[in-house]
Amino acid sequence: MEQVDIFKALSNKTRLQILEWLKEPAQNFPDQEHAGYENGVCVGQIQAKAALTQSTVSEYLSILQRAGFVQSTRVGQWTYYKRNEEAFAKLSKIIKSNI
1 MEQVDIFKAL
11 SNKTRLQILE
21 WLKEPAQNFP
31 DQEHAGYENG
41 VCVGQIQAKA
51 ALTQSTVSEY
61 LSILQRAGFV
71 QSTRVGQWTY
81 YKRNEEAFAK
91 LSKIIKSNI
(Lines of atoms letter the chains of each structure in order from A; the text may use other names.)
(Lines give C-alpha, C1' and ligand atoms only; values in the text may rest on other atoms or scores of the structure.)
Protein backbone atom coordinates (compact mmCIF):
# COMPACT_ATOMS: atom_id res chain seq x y z
CA MET A 1 0.00 0.00 0.00
CA GLU A 2 1.31 3.42 -0.92
CA GLN A 3 1.75 6.16 1.63
CA VAL A 4 -0.89 8.32 -0.02
CA ASP A 5 -3.44 5.50 0.26
CA ILE A 6 -2.57 4.97 3.91
CA PHE A 7 -3.09 8.62 4.75
CA LYS A 8 -6.29 8.77 2.70
CA ALA A 9 -7.66 5.91 4.80
CA LEU A 10 -6.93 7.94 7.92
CA SER A 11 -8.43 11.16 6.54
CA ASN A 12 -11.99 10.42 7.66
CA LYS A 13 -13.20 11.19 11.20
CA THR A 14 -15.38 8.09 11.47
CA ARG A 15 -12.66 5.76 10.19
CA LEU A 16 -10.32 7.21 12.81
CA GLN A 17 -12.99 6.67 15.47
CA ILE A 18 -13.41 3.05 14.40
CA LEU A 19 -9.67 2.48 14.78
CA GLU A 20 -9.77 4.15 18.18
CA TRP A 21 -12.73 2.02 19.29
CA LEU A 22 -11.03 -1.18 18.12
CA LYS A 23 -7.96 -0.34 20.19
CA GLU A 24 -9.96 -1.19 23.35
CA PRO A 25 -12.84 -3.40 22.18
CA ALA A 26 -14.00 -4.55 25.63
CA GLN A 27 -14.38 -0.95 26.77
CA ASN A 28 -16.00 0.32 23.56
CA PHE A 29 -18.20 -2.67 22.67
CA PRO A 30 -19.38 -4.12 26.01
CA ASP A 31 -22.52 -5.62 24.42
CA GLN A 32 -20.30 -8.16 22.65
CA GLU A 33 -18.65 -9.38 25.84
CA HIS A 34 -20.65 -12.61 25.78
CA ALA A 35 -19.03 -13.60 22.46
CA GLY A 36 -15.50 -12.54 23.41
CA TYR A 37 -13.10 -10.45 21.37
CA GLU A 38 -10.56 -13.02 20.14
CA ASN A 39 -11.83 -12.60 16.55
CA GLY A 40 -12.37 -8.87 16.92
CA VAL A 41 -15.61 -6.90 16.97
CA CYS A 42 -18.69 -7.86 14.97
CA VAL A 43 -19.43 -5.43 12.16
CA GLY A 44 -22.97 -5.03 13.55
CA GLN A 45 -21.54 -3.68 16.81
CA ILE A 46 -19.38 -1.20 14.89
CA GLN A 47 -22.35 -0.13 12.79
CA ALA A 48 -24.51 0.46 15.86
CA LYS A 49 -21.84 2.55 17.59
CA ALA A 50 -21.12 4.58 14.45
CA ALA A 51 -24.85 5.13 13.83
CA LEU A 52 -24.33 4.80 10.08
CA THR A 53 -25.80 2.51 7.46
CA GLN A 54 -24.39 -0.98 7.04
CA SER A 55 -23.13 -0.12 3.55
CA THR A 56 -21.24 2.96 4.78
CA VAL A 57 -19.62 1.08 7.67
CA SER A 58 -18.71 -1.81 5.35
CA GLU A 59 -17.08 0.62 2.92
CA TYR A 60 -15.13 2.29 5.73
CA LEU A 61 -13.94 -1.07 7.04
CA SER A 62 -12.98 -2.12 3.52
CA ILE A 63 -10.86 1.02 3.10
CA LEU A 64 -9.18 0.41 6.45
CA GLN A 65 -8.57 -3.22 5.53
CA ARG A 66 -7.02 -2.35 2.14
CA ALA A 67 -4.71 0.08 3.96
CA GLY A 68 -3.77 -2.76 6.33
CA PHE A 69 -5.12 -1.18 9.51
CA VAL A 70 -7.72 -3.86 10.26
CA GLN A 71 -8.04 -7.59 9.71
CA SER A 72 -11.29 -9.44 9.25
CA THR A 73 -12.36 -12.89 10.35
CA ARG A 74 -15.52 -14.57 9.15
CA VAL A 75 -17.34 -16.78 11.68
CA GLY A 76 -20.50 -18.28 10.22
CA GLN A 77 -22.56 -15.43 8.88
CA TRP A 78 -20.77 -12.75 10.93
CA THR A 79 -17.63 -10.80 10.11
CA TYR A 80 -15.38 -9.55 12.90
CA TYR A 81 -12.74 -6.83 12.66
CA LYS A 82 -9.69 -6.11 14.77
CA ARG A 83 -6.75 -3.77 14.52
CA ASN A 84 -3.57 -4.87 12.82
CA GLU A 85 -0.99 -3.44 15.22
CA GLU A 86 1.86 -4.23 12.80
CA ALA A 87 0.40 -1.67 10.39
CA PHE A 88 0.58 1.00 13.07
CA ALA A 89 4.22 0.14 13.75
CA LYS A 90 4.95 0.51 10.01
CA LEU A 91 3.08 3.82 9.94
CA SER A 92 5.19 5.04 12.84
CA LYS A 93 8.37 4.12 10.92
CA ILE A 94 7.09 5.94 7.82
CA ILE A 95 6.41 9.06 9.81
CA LYS A 96 9.76 8.94 11.63
CA SER A 97 11.85 8.27 8.55
CA ASN A 98 10.04 10.05 5.70
CA ILE A 99 8.10 12.96 7.11
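Residue numbering for the sequence shown follows full-length UniProt numbering, starting at 1 and increasing by one per position. Quick reminder that beta carbons are idealized off the backbone N, C-alpha and C, glycines included.
Quiz prompt | DSSP three-state assignment for GLN71, whether helix, strand or coil | solution = strand
Practice problem: Express the C-alpha separation of HIS34 and residue 143 in angstroms, rounding to a whole number. | Solution: What is shown of the chain runs 1 to 99, which leaves residue 143 out entirely.
Quiz item: Just the Cα atoms here: how many angstroms apart are ARG66 and LYS23?
Solution: 18 angstroms
Quiz prompt | TYR60 (DSSP reduced to helix, strand or coil) | solution = helix
Quiz item: Which partner residues does residue 114 have in the DSSP bridge list?
Solution: Absent from the model: residue 114. The displayed extent of the chain is 1 to 99, so no value can be given.
Quiz item: Between which two residues does the alpha helix (DSSP H) carrying PRO30 extend?
Solution: No alpha helix (DSSP H) holds PRO30; DSSP gives it neither H nor E.
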